[in-house]
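**Q** For the record, the sequence lines run as chains X and D.
Take the first sequence: its letters are residues 1 to 247, numbered as in my numbering.
Take the second sequence: its letters are residues 1001 to 1092, numbered as in my numbering.
One structure coming up, written as structure tokens, with questions to follow.
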Amino acid sequence: MGLMGRFTTIVKAKASKALDRAEDPRETLDYSYEKQLEMLQKVRRGVADVATSKKRLELQAAKLEQSVEKLDGQARQALQQGREDLARTALERKKSVQLQLQSIDEQRAQLQAEQDKLVIAEQRLTAKVEAFRTRKETIKAQYTAAEAQTKIGEAVTGVSEEMADVGLAIERAENKTETLRARAGAIDELIESGALTDLTDGRDSIDRELEQLSVASGVDAELEKLKAEVGPGSQSSNQIGSGEEKS
Amino acid sequence: MIVRILGEGQYRLDDAAFATVSAIDDRVQEAADAGDAERFDRELRELVAEITRLGTPLAAEEFEGSDAIVPGAGTTLEEARALLTSEGLIPG
């Protein structure tokens, strides 16, 4: 059996499984239609779920972009202060954040592809369900027990297969979203733990060191300024000193 | 013959076209049996491309069960295997 044969068997089995044949064939039509509407809801929810997951990735990416910029600034500042070691640390962190960003981009693209597929599935199913509704009313209007069975059988079989198909697309998207959600959670943890950069209080160890450096150089500068100011008076202080010596 | 491409809808094929498609299907199965993911991808893409090229898409108003069903292009060997062993295809 070829691949086609295997898929045909399995999808058909799934499609017929979804079918509960009612006593009155007309009830089968209504039942199937209800199921179709449920499936439409499901596929729409699927689209929304994927969009939510994508949004989360986008928010993460924005956060990480910010920390790339920040780390870049820190590296620059550290070099200006002559602290190559500190600049290196900042650049190392930047590199690892960039790697995370890259993986987020790939995940986002995957989700986008799933979303596109679901949207197409939704459109196709919507058209099919609408056509089914029309067919259903026609069959009911012209109902004669003899032909009804066949007509109903055809319509229901045709639409059940479509539902099995859409069901597959939803399942696939759900699996993908779940996997990516777990990965997104891991990145959130990384961001929160400060392993990438401490965004929680907006400061990290590089910040603190740079701050100390700028405090130190600020103090130096002020000291120089003070010295310059106090300089002319140094003689008078000597005088006081010498005065004290005299007493 | 009516062939459904999962995720892409149904196509009507005449006998000659279906024979062509079946021949490609055999190659897809060979690739799957050999566990050759790359070849599987290539053959499956060709299979799907031939179905859409040789077939006529069914309208939404046509309610026909398919004679054959194939996975969509881009389905990996791993995914195809998972699909074939999956239970409860229709969630809920």
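Idealized CB from N, CA, C, for every residue including glycine.
#1: Check the Cβ of residue 1004/D against every Cβ in chain X and list those closer than 8 angstroms, keeping chain order.
#2: Skipping 5 residues on each side, what residues in its chain have a beta carbon closer than 6 angstroms to that of residue 87/X?
#3: Go to residue 110/X, then tell me how far its alpha helix (DSSP H) extends in each direction, as first and last residue.
#4: Report the CB separation of residue 111/X from residue 28/X in whole angstroms; it is logged as a contact under 8 angstroms.
#5: Whole angstroms are fine: how far does the CA of residue 59/X sit from the CA of residue 1012/D?
#6: Which term fits residue 25/X, buried or exposed, when burial requires 16 or more other beta carbons within 10 angstroms of its beta carbon?
#7: Out of 61/X, 70/X, 8/X, which one is the CA nearest neighbour of residue 207/X?
#8: DSSP on residue 1056/D, reduced to helix/strand/coil?
#9: Note down the Cα distance separating residue 1021/D from residue 162/X, rounded to an integer number of angstroms.
#10: Determine, for residue 1071/D, whether the minimum Cβ-Cβ distance to residues of chain X falls below 8 angstroms.
#11: What are the uninterrupted segments assigned as beta strand (DSSP E) that are 3 or more residues long and contained completely in the stretch 1026-1086 of chain D, given in chain order?
#12: Pick out whichever of 1041/D, 1058/D, 1046/D, 1056/D has its Cα sitting closest to the Cα of residue 1081/D.
#13: Could you list which residues in chain D have their beta carbon closer than 9 angstroms to that of residue 128/X, in chain order?
#14: Listed in chain order, which residues of the stretch 1042-1053 of chain D have Cβ atoms closer than 7 angstroms to some Cβ of chain X?
**A** Taking the coordinates as given:
#1: Think of a sphere of 8 angstroms around the beta carbon of residue 1004/D: the chain X residues whose beta carbon falls inside it are 11, 161, 165, in chain order.
#2: Taking residue 87/X as the centre and dropping the five residues before and after it, the same chain places the C-beta of 75, 78, 79 closer than 6 angstroms to its C-beta, in chain order.
#3: From DSSP, the alpha helix (DSSP H) with residue 110/X extends over 84-141.
#4: Not quite, the Cβ-Cβ distance comes to about 37 angstroms (not below 8 angstroms), so this is no contact.
#5: Here the alpha carbon of residue 1012/D sits roughly 45 angstroms from the alpha carbon of residue 59/X.
#6: It is buried - the Cβ of residue 25/X has at least 16 other Cβ atoms within 10 Å.
#7: A check of alpha carbon separations from residue 207/X across 61/X, 70/X, 8/X identifies 70/X as the nearest.
#8: In this structure, DSSP gives residue 1056/D an extended state, which the three-state scheme calls strand.
#9: For residue 1021/D and residue 162/X, the distance between alpha carbons rounds to 21 angstroms.
#10: Yes, because at least one Cβ of chain X sits closer than 8 angstroms to the Cβ of residue 1071/D.
#11: The beta strand (DSSP E) runs lying completely inside the stretch 1026-1086 of chain D and spanning 3 residues or more are 1068-1070, given in chain order.
#12: The option with the nearest alpha carbon to residue 1081/D is 1041/D.
#13: By Cβ distance, chain D contributes 1060, 1061, 1063.
#14: Residues passing the 7 angstroms Cβ filter: none.
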